[in-house]
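Enquirer:
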Ligand SMILES: Cc1cc2nc3c(=O)[nH]c(=O)nc-3n(C[C@H](O)[C@H](O)[C@H](O)COP(=O)(O)OP(=O)(O)OC[C@H]3O[C@@H](n4cnc5c(N)ncnc54)[C@H](O)[C@@H]3O)c2cc1C
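Numbering (my numbering), first residue to last: 1478 to 1868.
1. Using alpha carbons as the reference points, say which of 1786, 1669, 1529 lies closest to residue 1556.
2. Taking 7 Å as the line, does the beta carbon of residue 1601 fall inside it for any heavy atom of ligand 1?
3. So is residue 1633 buried or exposed if we call it buried at 16+ other beta carbons inside 10 Å?
4. Can you tell me the Cβ-Cβ gap for residue 1649 and residue 1631, rounded? I've got them flagged as a contact below 8 Å.
5. Which residues bound the beta strand (DSSP E) around residue 1692?
6. Using the three-state DSSP reduction, which class does residue 1830 fall into: helix, strand or coil?
7. Could you pull the start and end residues of the beta strand (DSSP E) that residue 1632 belongs to?
8. On the DSSP bridge list, what partners appear for residue 1667?
9. Residue 1675 lies in the beta strand (DSSP E); which residues open and close that run?
10. Assuming residue 1600 is part of the beta strand (DSSP E), what are its boundary residues?
11. What I want to know is whether the C-beta of residue 1716 ends up closer than 7 Å to one or more non-hydrogen atoms of ligand 1.
12. Is residue 1845 near ligand 1, judged by its Cβ being under 7 Å from some heavy atom?
13. When you compare only the Cα positions, how much space is there between residue 1481 and residue 1596?
14. Secondary structure at residue 1620, three-state DSSP: helix, strand or coil?
15. Run the proximity test for residue 1849: is its beta-carbon closer than 7 Å to any non-hydrogen atom belonging to ligand 2?
16. Confirm the yes/no value for this check: CB of residue 1691, any heavy atom of ligand 1, distance under 7 Å.
17. Please tell me whether residue 1515 and residue 1688 are closer than 8 Å, where the distance is taken between their beta carbons.
18. Which residues mark the beginning and the end of the alpha helix (DSSP H) in which residue 1518 is found?
19. For residue 1647 and residue 1592, I'd like the C-alpha separation in whole angstroms.
Below is the structure:
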């Protein structure tokens, strides 16, 4: 594979490591996992050994302490191999581990981060509910004080890794029913999944990402100790939103890996498929399609790297994360759709790789905030900037 000259030697090595793993361990299995909607459990130990579950955690918690850019470069390659594995890894690295690292007490960090970094404890993130998706702050799950601890009740929907995880970060109301405080009345709780009352419900039958696990989870009067509360009892929603800034970059990297895979398949196929006596790549209408696809993929990569470098310099923000997720996910959907066209009828068949990429790409426009929500975030920051300029 060609070297990416915008990366330094270390980043290049991590990229190569992830690419080799994706090519050797993920690609050969991804189609079968997808057909059987089977969780990719068999590769989890090897991923743990390679450090893929502690990429952003400091060495003192057994992590690799990588820059955001190196992590995203690796994640792109994993998604190139199988987007389902990428979301398992992205949720774990970007959401629960980062929330505990940023807002946890030293005791909480010591208890959870080393096993999470070593891949012994998989993490999940439970914010969405049946009635609250984009409007996540209207969630209804409740945590009621009980002596020193809490009693948690309610139900979460579509929890990635929810049945496989050892620990879930759960957002629940801590305000009183008569005094609802919206986003300021929500706590974040570190919930070990072996706590009595943690009940895994329906496993979703999905269009794409079929080897990732998406389940509903109920909390039946679950008793938690005081050590379960992360930070302050009314700041959980703020903690969750701030972790989504990194999470959205992860989804951007995942979308980019899917788009890159579709582009490569399309280039190869257009070079060998002949119609009217010549390779279809020699028809200008189709060649222009390939040019546009590769341009959008490169533009997504440029935006992702820029956002990652800003993050690494301590200057990342939600706008850049939202722009990256928005652009990369819409690129992935467009590029995978174009790839199907280039494959013609074969593109629509399960025997060829691009239909799976198209199915996998779609959800990147939806989770961790839909494209509409990303646009709302972006436009809001434009007016905030305008207001601060006129002060
Ligand atoms: C495979 C998968 C995995 C997931 N994993 C997780 C997970 O691990 N943890 C978790 O907490 N959640 C998870 N989710 C949930 C995901 O984050 C939500 O689906 C997403 O936030 C959208 O919420 P919703 O589905 O309720 O759609 P809704 O919020 O009901 O939106 C429906 C439509 O209305 C639009 N809309 C809503 N509000 C506005 C507005 N103000 N302006 C313009 N348009 C608007 C939306 O963009 C969308 O087009 C997952 C979802 C899927 C599909």
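Quick reminder that beta carbons are idealized off the backbone N, C-alpha and C, glycines included.
Expert: For this structure:
1. Here residue 1556 corresponds to residue number 79 of the chain shown, with the count starting at 1. Cα-wise, what sits closest to residue 1556 is 1529.
2. Against the chain shown, residue 1601 aligns to sequence position 124. Indeed, a heavy atom of ligand 1 lies less than 7 Å from the Cβ.
3. Residue 1633 sits at position 156 when you count from the first residue of the chain shown. Looking at its Cβ environment, which holds 16 or more other Cβ atoms inside 10 Å, residue 1633 is buried.
4. Against the chain shown, residue 1649 aligns to sequence position 172. Against the chain shown, residue 1631 aligns to sequence position 154. Going by Cβ atoms, the distance from residue 1649 to residue 1631 rounds to 6 Å, so yes, they are a contact pair.
5. Taking the chain shown and counting its residues from 1, one reaches residue 1692 at position 215. Unbroken beta strand (DSSP E) run through residue 1692: 1691–1701.
6. Locating residue 1830 in the chain shown gives position 353, counting from the first residue. If DSSP states are grouped into helix, strand and coil, residue 1830 belongs with coil.
7. Within the chain shown, residue 1632 is the residue found at index 155, counting from 1. Segment 1626–1637, the beta strand (DSSP E) holding residue 1632.
8. What you label residue 1667 is simply residue 190 of the chain shown in a count that begins at 1. In the DSSP output, where bridge partners are listed per residue, residue 1667 has 1646.
9. For this step, residue 1675 is matched to residue 198 along the chain shown. Note, residue 1675: beta strand (DSSP E), 1675–1680.
10. Here residue 1600 refers to the residue found at position 123 of the chain shown. Counting along the chain, the beta strand (DSSP E) containing residue 1600 begins and ends at 1600–1603.
11. Your numbering for residue 1716 matches position 239 in the chain shown. Outside the cutoff, so no.
12. In the chain shown, counting from the first residue as 1, residue 1845 sits at position 368. Result yes, Cβ under 7 Å from ligand 1.
13. In the chain shown, the residue the question calls residue 1481 occupies position 4. In the chain shown, the residue the question calls residue 1596 occupies position 119. So the two alpha carbons sit approximately 29 Å from each other.
14. Taking the chain shown and counting its residues from 1, one reaches residue 1620 at position 143. It is a strand residue.
15. Among the ligands modelled here, namely ligand 1, ligand 2 does not occur.
16. Residue mapping note: residue 1691 aligns to position 214 of the chain shown, counting from 1. For ligand 1, at least one heavy atom lies less than 7 Å from the Cβ of residue 1691.
17. One-based indexing of the chain shown puts residue 1515 at position 38. One-based indexing of the chain shown puts residue 1688 at position 211. Contact flag set, yes.
18. For the purposes of this step, residue 1518 is identified with residue 41 of the chain shown, where counting begins at 1. First-last for residue 1518: undefined, no H or E at that position.
19. For the purposes of this step, residue 1647 is identified with residue 170 of the chain shown, where counting begins at 1. For the purposes of this step, residue 1592 is identified with residue 115 of the chain shown, where counting begins at 1. If you take the alpha carbons of residue 1647 and residue 1592, they lie about 19 Å apart.
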